[in-house]
Amino acid sequence: MINTTIKTTTKALLISSALAITTMASAALPTQWQLDNSHTRVGFSVEHMGFSTVMGHFSDVDGTVQFDLKNPNQTQFNFVVDTDSIDTGWEARDKHLKTDEFFNVEKYPTMSFKSTQVNFINPQQAKVTGDFTLLGQTKPLTLNLTLKKIDNSPLTKEPVVGFRATGNIDRTAYGMDAYSQGITTNVPIQIDGELVEKKSK
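Written out as structure tokens, the structure is:
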């Protein structure tokens, strides 16, 4: 009975959100967006020898998005992450992750993702395929995108797009194979963020 109630409530929320997004599509919204860095987080987690899960994030990420609610499958993403901004909550570990055994931040100060295809399954969810570049190697990566909310901010009165994107990266495919016997090689990632209108410089 409880599971049925939860499923019904979840379905109702999804329908309500989809209707809200569809309604917003008819409004005068911008098509050029940029990440609101103060509300964006690129997170990841790895298993440590089966004993524990270590979580971390990158605090410096920049990105632009071309997104028109009336033509969602024409959406384009372009994200760049500063690898030196890695933060796992322990300075010694962060310092090690910045060496050439892992991110080699001195030689490769950034990693990036640029979309090549976007396929919206419904008004809220999409599969985003693109080119992910890490340690100088570029390979295809697919992310599962969910639009959480599209509305005007009650603070700025300007339009905001809230989103979450998830996926998995095989670090060994990019040459990051250090400690592969004890530390996760298939790394789950989660990007939570907000998009605001891109301002002219």
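With mature numbering (1 follows the signal peptide of the UniProt record, and there is no 0) applied, the sequence shown corresponds to residues -27 to -1, 1 to 174, in that order. Just so you know, even glycine gets a beta-carbon here, dropped at the ideal spot from N, CA and C.
Excluding sequence positions up to five away, which residues of its chain have a Cβ less than 7 Å from the Cβ of residue i?
{"i": "D143", "result": "T158 and N159"}
{"i": "E106", "result": "Glu is not the amino acid found at residue 106; the sequence shown has Thr there. M84 and S85."}
{"i": "T89", "result": "T102, G103 and D104"}
{"i": "F93", "result": "P45, N46 and A99"}
Rounded to the nearest angstrom, what separates residue i and residue j at their Cα positions?
{"i": "Q97", "j": "N77", "result": "36 Å"}
{"i": "residue 185", "j": "S11", "result": "Outside the modelled stretch of the chain, which goes from -27 to 174, sits residue 185, for which no answer is possible."}
{"i": "T48", "j": "W6", "result": "11 Å"}
{"i": "K80", "j": "G166", "result": "28 Å"}
{"i": "T61", "j": "F40", "result": "32 Å"}
{"i": "N125", "j": "T145", "result": "42 Å"}
{"i": "L42", "j": "V133", "result": "13 Å"}
{"i": "G135", "j": "G148", "result": "33 Å"}
{"i": "A65", "j": "L116", "result": "31 Å"}
{"i": "N141", "j": "Q163", "result": "9 Å"}
{"i": "K130", "j": "S153", "result": "48 Å"}
{"i": "I156", "j": "P3", "result": "43 Å"}
{"i": "G23", "j": "H30", "result": "20 Å"}
{"i": "D9", "j": "H69", "result": "29 Å"}
Terminal residues of the continuous alpha helix (DSSP H) containing residue i?
{"i": "D67", "result": "E64 to L70"}
DSSP puts residue i in a beta bridge; with which residues?
{"i": "P82", "result": "None; P82 has no bridge partner."}
{"i": "T111", "result": "T106"}
{"i": "N44", "result": "DSSP, once it has assigned bridges, lists no residue as partnering N44."}
{"i": "D124", "result": "V133"}
Please list the terminal residues of the continuous beta strand (DSSP E) segment that includes residue i.
{"i": "D35", "result": "V34 to Q39"}
{"i": "D143", "result": "P132 to D143"}
{"i": "G97", "result": "Sequence inspection shows Gln at residue 97; the Gly mentioned does not correspond to that position. No beta strand (DSSP E) contains Q97, which DSSP labels as neither H nor E."}
{"i": "I164", "result": "N159 to E170"}
{"i": "L8", "result": "Q5 to L8"}
What three-state label does DSSP hand residue i in the structure shown?
{"i": "S25", "result": "strand"}
{"i": "residue 195", "result": "Not covered by the structure: residue 195. The range shown for the chain is -27 to 174."}
{"i": "N51", "result": "strand"}
{"i": "D57", "result": "helix"}
Please return the same chain residues whose Cβ sits closer than 6 Å to the Cβ of residue i, not counting the five positions on each side in sequence.
{"i": "D35", "result": "V53"}
Mind checking if residue i is an interface residue toward chain B, Cβ cutoff 8 Å exclusive?
{"i": "Q49", "result": "Going by chain labels, chain B is absent from the structure shown, which holds only one protein chain."}
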